[in-house]
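Asks: Below you'll find the structure I mean.
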Amino acid sequence: MHRSAHPGRSGRFGNHVSGPILAISALISVSCMVLLSGCGGSPPRRTPTAQPAALLEARGALEQGEIVRARHIFSSLESPERPLSLRGMARIGLGRCAIAEGDLDGAIRHLGVARKLLPSGSQHARVRLYLGEAQLRSGAINSGLNQLETAYPALLEADDRSRAAFLITRTLDQLGDAVPALYRTAAGHHSYPEYSSIWQRTRPAPPTVVAVPPAPPVVPPVQKRPTHPRLKIHQRNSWNARPVRTSSVVPMSRPTRITIHHTADQPAIAALGIREPKAYLRRIQDYCTGSLKWGDIGYHYLISSDGRIWEGRPLKYQGAHAGNNSLNRGNIGIALIGNFDEDRPSSSQVKSLGSLLSALTSVHGIGSNRIYGHQDLRDTGCPGTHLQAVLSRLVSKLNRISTARKTR
17 MHRSAHPGRS GRFGNHVSGP ILAISALISV SCMVLLSGCG GSPPRRTPTA
67 QPAALLEARG ALEQGEIVRA RHIFSSLESP ERPLSLRGMA RIGLGRCAIA
117 EGDLDGAIRH LGVARKLLPS GSQHARVRLY LGEAQLRSGA INSGLNQLET
167 AYPALLEADD RSRAAFLITR TLDQLGDAVP ALYRTAAGHH SYPEYSSIWQ
217 RTRPAPPTVV AVPPAPPVVP PVQKRPTHPR LKIHQRNSWN ARPVRTSSVV
267 PMSRPTRITI HHTADQPAIA ALGIREPKAY LRRIQDYCTG SLKWGDIGYH
317 YLISSDGRIW EGRPLKYQGA HAGNNSLNRG NIGIALIGNF DEDRPSSSQV
367 KSLGSLLSAL TSVHGIGSNR IYGHQDLRDT GCPGTHLQAV LSRLVSKLNR
417 ISTARKTR
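My numbering puts the first residue of the sequence shown at 17, with every later residue one more than the last.
Shown next, in the form of structure tokens:
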């Protein structure tokens with residue numbers, strides 16, 4: 017509520033204002049004007065910090081294709097006595113030079129240093145833009161897409177945003193994956209020929225045909241798939257899940273990795289998760305589809321404290337759990353119900369998680385090195401200190417079992 021501030025009425029003091037009172041009033045008026053001009057009034061004008069001429073010269077040389085000259089100038093600007101921000105921008109330039117010369121390892125190294133030198137914000141986003149390009153060129157598709165999708169919201173320059181959107185859109189098109197409308201629209205009709213080599217695949221020359229007598233057929237030995245105790249998974253209908261809103265989900269690509277989470281809910285909903293898992297799952301689905309406007313609950317599987325495994329989002333649909341589209345691609349999401357920074361997962365949860373991981377890695381051919389805690393992919397505390405430690409032990413156990421099978 018705002019209160020009107022009126023100057024004192026002359027009736028209180030009559031019409032006789034002494035000299036000292038006038039002086040004090042004038043002083044207060046001047047003080048208020050000073051305060052207003054610096055806080056409530058118009059902000060003082062700031063002269064934008066001019067970038068060093070050498071930095072602009074290096075960027076100009078890079079744009080003109082004079083890579084050697086650009087690299088020489090950038091190198092002179094990243095010496096230790098320079099300000100951190102200037103050194104960071106010089107490292108971005110060196111990373112771009114390395115990309116132009118095809119030195120992708122060098123580019124990733126320079127850009128990694130730039131990320132440490134520069135504060136978070138638009139400059140950090142530009143580092144991720146070029147790092148994403150370098151990773152796409154090196155074949156690290158998921159990592160590159162993750163960098164680009166993380167960078168996109170913080171990029172200030174229109175050209176940078178359209179470049180990021182173009183790289184994301186073209187790469188997803190090449191993979192045959194759905195492209196979010198945000199990136200498709202931002203990419204528009206822009207064309208960047210300098211990126212075309214990213215999606216080219218060298219085609220080997222057709223082999224010379226030589227007539228060879230047919231060899232007798234070879235019958236391959238029968239490979240026995242490891243057997244697993246039959247997992248009891250409580251299907252969606254057991255907790256009265258509503259149908260998936262198919263207009264808001266995308267198909268799941270071939271599963272290639274698994275990410276583990278904890279739900280870390282507020283106390284009231286956390287208690288419901290322990291007491292009534294079915295009601296809890298319905299509440300979570302309502303939140304995901306209502307407040308978040310998702311097509312369904314985000315995780316593919318959830319494990320309650322009593323060790324029961326619940327089917328979440330059907331595995332034929334890409335999940336919504338890892339942080340962005342590129343991290344969710346081919347990624348099976350498993351959440352243990354609870355907060356495992358505060359508590360330890362129950363022995364039943366740990367046993368069920370181990371069995372589920374063993375089955376999923378076997379069925380989908382996923383290596384144990386492709387099982388992650390959420391914090392391995394994003395800057396987050398998920399899945400909690402205690403569960404992350406448990407996960408490390410489970411992955412080590414899967415490694416030992418896999419190694420033993422190979423040596424038989």
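Heads up, the beta-carbon is just placed ideally off N, CA and C, and yes, glycines get one too.
As the structure is a computational prediction, the values presented were derived from the model and not from experiment.
Since S101 contacts L134 with CB under 8 Å, what's their CB separation in whole angstroms?
Replies: Right, the Cβ-Cβ distance comes to about 6 Å (below 8 Å), so this counts as a contact.
Asks: Between S263, T279 and I348, which has its C-alpha nearest A197's C-alpha?
Replies: Measuring from the Cα of A197, the nearest candidate turns out to be S263.
Asks: What is the rounded straight-line gap between the Cα of D359 and the Cα of E149?
Replies: The straight-line gap from Cα to Cα measures roughly 41 Å.
Asks: Within 10 angstroms of the Cβ of W215, are there 16 or more other Cβ atoms? Answer buried if so, exposed if not.
Replies: That one is exposed.
Asks: Out of S254, T272, I108 and I157, point me to the one whose CA is closest to G381's CA.
Replies: Answer by Cα proximity: T272.
Asks: Check whether the region 322 to 331 touches the region 245 to 254, counting contact only when three or more Cβ pairs, one atom from each stretch, lie closer than 8 Å.
Replies: The region 322 to 331, when compared against the region 245 to 254, does touch it at the 8 Å Cβ threshold.
Asks: Report the CB separation of Y315 from G349 in whole angstroms; it is logged as a contact under 8 Å.
Replies: About 4 Å; that satisfies the 8 Å criterion.
Asks: Rounding to the nearest angstrom, what Cα-Cα distance links R345 and Y317 in this structure?
Replies: Each residue's Cα considered, the two are about 16 Å apart.
Asks: To which residues of the same chain is I313 closer than 6 Å at the C-beta, ignoring the five residues directly before and after it?
Replies: Excluding residues within five positions, the ones whose Cβ falls inside 6 Å are I300, Q301, C304, G328 and R329.
Asks: Rounded to whole angstroms, how far is the Cβ of L183 from the Cβ of Y211, which I believe are closer than 8 Å?
Replies: Right, their Cβ atoms sit about 6 Å apart.
Asks: Tell me whether the beta-carbon of A130 lies closer than 8 Å to the beta-carbon of G111.
Replies: Yes.
Asks: Write down the C-beta distance between V353 and T419 rounded to the nearest angstrom, noting that I regard them as a contact closer than 8 Å.
Replies: Residue 353 is actually Ile in this sequence, not Val. Going by Cβ atoms, the distance from I353 to T419 rounds to 32 Å, so no, they are not a contact pair.
Asks: Going straight from the alpha carbon of Y168 to that of L161, what length do you get?
Replies: When rounded, the distance between both Cα atoms is 11 Å.
Asks: Under 8 Å, do P267 and Q334 count as touching if we go by C-beta distance?
Replies: A contact, by the Cβ cut-off of 8 Å.
Asks: By alpha-carbon positions, which one of A180, E79, R87 and I157 ends up nearest to L343?
Replies: If we check each option's Cα against that of L343, I157 comes out closest.
Asks: Short of 8 Å in beta carbon distance, which residues of its chain neighbour V260, apart from the five on each side in sequence? Order them along the chain.
Replies: Excluding positions up to five away in sequence, the list reads G311, D312, R329, P330 and Y333.
Asks: Kindly indicate which residue of G383, S374, N340 and R416 has the alpha-carbon position closest to the one of L393.
Replies: Nearest of G383, S374, N340 and R416 to L393, Cα basis: N340.
Asks: Please say whether L147 and L127 have beta carbons closer to each other than 8 Å?
Replies: Their beta carbons are under 8 Å apart, which means L127 touches L147 by this criterion.
Asks: Mind checking which residues open and close the alpha helix (DSSP H) that includes E73?
Replies: Its alpha helix (DSSP H) spans residues A69 to E79.
Asks: Which same chain residues end up closer than 6 Å to A181 when comparing Cβ atoms and leaving out the 5 residues on each side of it in sequence?
Replies: Excluding residues within five positions, the ones whose Cβ falls inside 6 Å are Y199, A202 and A203.
Asks: Can you tell which of L71, G400, A257 and S320 has the C-alpha that lies nearest to the C-alpha of T287?
Replies: Checking the sequence, you will find Ala at residue 287 rather than Thr. Nearest option by C-alpha distance: S320.
Asks: Which residues in the same chain have their Cβ closer than 6 Å to the Cβ of L407, if we skip the five residues on either side of it in sequence?
Replies: I276 and G389.
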